[in-house]
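Note sheet for the following structure.
Protein chains: 2
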Amino acid sequence: MTEIFPSALPPAARAIRLSPRHALEAELMAMPPVAAMGLRIVEATGQRLRLHAPLAANVNDKGCAFGGSLTSLMTLAGWSLITLRLAEIGIEADVFVADSEIRYRAPLYADLEATAELVDGESWQVFLDTLRNRGRARLGVLAEVALPEGGVATECRSRYAVKLRG
Amino acid sequence: MTEIFPSALPPAARAIRLSPRHALEAELMAMPPVAAMGLRIVEATGQRLRLHAPLAANVNDKGCAFGGSLTSLMTLAGWSLITLRLAEIGIEADVFVADSEIRYRAPLYADLEATAELVDGESWQVFLDTLRNRGRARLGVLAEVALPEGGVATECRSRYAVKLRG
Numbered sequence: 012m013t014e015i016f017p018s019a020l021p022p023a024a025r026a027i028r029l030s031p032r033h034a035l036e037a038e039l040m041a042m043p044p045v046a047a048m049g050l051r052i053v054e055a056t057g058q059r060l061r062l063h064a065p066l067a068a069n070v071n072d073k074g075c076a077f078g079g080s081l082t083s084l085m086t087l088a089g090w091s092l093i094t095l096r097l098a099e100i101g102i103e104a105d106v107f108v109a110d111s112e113i114r115y116r117a118p119l120y121a122d123l124e125a126t127a128e129l130v131d132g133e134s135w136q137v138f139l140d141t142l143r144n145r146g147r148a149r150l151g152v153l154a155e156v157a158l159p160e161g162g163v164a165t166e167c168r169s170r171y172a173v174k175l176r177g
Numbered sequence: 012m013t014e015i016f017p018s019a020l021p022p023a024a025r026a027i028r029l030s031p032r033h034a035l036e037a038e039l040m041a042m043p044p045v046a047a048m049g050l051r052i053v054e055a056t057g058q059r060l061r062l063h064a065p066l067a068a069n070v071n072d073k074g075c076a077f078g079g080s081l082t083s084l085m086t087l088a089g090w091s092l093i094t095l096r097l098a099e100i101g102i103e104a105d106v107f108v109a110d111s112e113i114r115y116r117a118p119l120y121a122d123l124e125a126t127a128e129l130v131d132g133e134s135w136q137v138f139l140d141t142l143r144n145r146g147r148a149r150l151g152v153l154a155e156v157a158l159p160e161g162g163v164a165t166e167c168r169s170r171y172a173v174k175l176r177g
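As given, the protein sequences belong to chains A and B, one line each in that order. Each residue of the first sequence is one higher than the one before, starting from 12 at the first, in the numbering used here. Each residue of the second sequence is one higher than the one before, starting from 12 at the first, in the numbering used here.
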């Protein structure tokens, strides 16, 4: 992973020369509701990003994963996938979630892991070309939380709006 | 508000004879991710339920309300609307969110207030009749977070699946 330090990252992260991945993790944990979830990045390949959060901090009244935490984790996984990709190639931009469709398929009685990838038909190259040419672009991401026994607990299709800074 | 104490409520709440509204608030705050949001019920008319959460506990990297917190609050407002109605009429049932469609329309730089009501075309009477006859029923809820200057920050259309206990 290339060591670059875009101004999108917090000053503290740039000062101590964190990698983009560690800087992103620091940025996520600086948000109080995200810190409360106990989130961490467990995989970031460029094509896929996976976030983990312990069940204990994200449990509901039925002893399984709280729907709000599942949705937060899936939404953040998509946001992180795009934010990290932009940071790695040195593009300064703001990333906003625009809309989401969520299916809660089965209860999860284990730690939460959300995996985010582009939805079928989306292309990083088309997205980046549009962003450079027009200053803004949208990108669709599919995030899922798997069940430990196989199958899917929840899935979330989101569109993110990205705007170049400056 | 009638004082009834269905077994849907936590034993502690029944023991000290809380109203259904206060028992629901206690049940919500017993979930760690909800306690972290600092949520409280500010209105519960039977037709409409409104939840409040302070911005400080739910702020993102841009200084506005975190999308995950907005969605959690809207989803919980709908869940609470149904859960409180059932508790008030003494029906013991579990309420699950099945799916949601969310629009993030504008950033919110103020405390979060989510208001939930049935979507147009839904009827409490039809829902309750179906639940009593079939043991399960679905109900659509629209939850919104308003902007202090007017207009809508976010909206969430969810369907909830409800199953009688026992």
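Think of the CB as a built atom: it goes at the ideal place given N, C-alpha and C, for glycine as much as any other residue.
In terms of beta-carbon proximity, Leu87(B) lines the interface with chain A, with at least one pair separated by less than 8 Å.
Looking at the DSSP output, Asp105(B) shares a beta bridge with Lys174(B). Contact annotation for Met48(A) against chain B: Pro44 [CB-CB distance below 7 Å, chain order].
Per DSSP, the continuous beta strand (DSSP E) segment holding Thr126(B) begins and ends at Leu123 to Leu129. Those residues of the stretch 56-81 of chain B placed with their C-beta closer than 8 Å to a C-beta in chain A are Ala67, Ala68, Asn69, Val70, Asn71, Asp72, Lys73, Phe77, Gly78, Gly79 and Ser80, ordered along the chain. Going by C-alpha positions, Gly79(A) is about 13 Å away from Glu166(A). The beta carbon of Ile102(A) sits no closer than 8 Å to any beta carbon of chain B. In the assembly as shown, Ser134(B) is an exposed residue. Its beta-carbon has fewer than 16 other beta-carbons within 10 Å.
For Val108(A), the nearest CB of chain B lies under 8 Å from its own CB, placing it at the interface with that chain. Residues of chain B with a Cβ closer than 9 Å to the Cβ of Ser83(A) are, in chain order, Pro44, Phe77, Gly78, Gly79, Ser80, Thr82 and Ser83. Take Leu175(B), set aside five residues on each side of it, and the residues of its chain with a beta-carbon closer than 6 Å to its own are Ala104 and Gly146, in chain order. Exclusion of the five residues before and after Leu84(B) leaves Leu62, Ala64, Leu123 and Ala125 as the residues of its chain whose Cβ lies within less than 6 Å of its Cβ. Ala148(B) is positioned such that its CB atom lies no closer than 8 Å to that of Gly89(B). Your pair Ala164(B) and Arg116(B) checks out as a contact, with CB atoms roughly 6 Å apart and the cut at 8 Å.
The continuous alpha helix (DSSP H) containing Val137(B) extends over residues Trp135 to Arg145. Taking 8 Å as the upper bound for CB-CB distance, Val106(A) and Leu142(A) are not in contact here, some 11 Å apart. Taking a contact as a CB-CB distance under 8 Å, the pair Val108(A) and Ser169(A) counts as one, their CB atoms being some 6 Å apart.
Apart from the 5 residues on each side of it in sequence, Met40(B) sits with its Cβ closer than 6 Å to the Cβ of Ala46 in its chain, given in chain order. By the rule that beta-carbons nearer than 8 Å mark a contact, Ile113(A) touches chain B. Its Cα nearest to that of Pro43(B), the residue Ala68(A) stands out among Ala68(A), Gly74(A), Val156(A) and Glu54(A). By the CB criterion at 8 Å, Ile113(B) and Ser111(A) fall inside the cutoff. Here DSSP, grouped into helix, strand and coil, assigns Arg32(A) to helix.
Counting along the chain, the unbroken alpha helix (DSSP H) around Ala88(B) starts and ends at Gly78 to Glu99. Secondary structure note for Ala47(B): its alpha helix (DSSP H) is the uninterrupted segment Pro43 to Met48.
In this structure, DSSP gives Ala55(A) an extended state, which the three-state scheme calls strand. Leu95(A) is positioned such that its CB atom lies closer than 8 Å to that of Arg32(A).
No Cβ of chain A is located within less than 8 Å of the beta carbon of Glu54(B).
For Glu38(B), the secondary structure class from DSSP, reduced to helix, strand or coil, is helix.
Annotated as proximal: Glu36(A) and Arg51(A), with beta-carbon spacing under 8 Å.
Exclusion of the five residues before and after Glu54(A) leaves Leu60, Arg61 and Thr126 as the residues of its chain whose Cβ lies within less than 8 Å of its Cβ. Cβ contact annotation for Asn71(B) (same chain, cutoff 8 Å, sequence separation greater than five): Phe77 and Gly78, in chain order. Residues of chain A whose Cβ lies closer than 9 Å to the Cβ of Ala127(B) do not exist, since the nearest Cβ in that chain is about 14 Å away. Listed along the chain, the chain B residues whose CB falls inside 9 Å of the CB of Glu38(A) are Asp72. Going by DSSP, Arg61(A) is part of the beta strand (DSSP E) stretching over Leu60 to Ala64.
Residue burial is scored here from C-beta neighbours: Gly49(A) has at least 16 other C-beta atoms within 10 angstroms and is therefore classed as buried.
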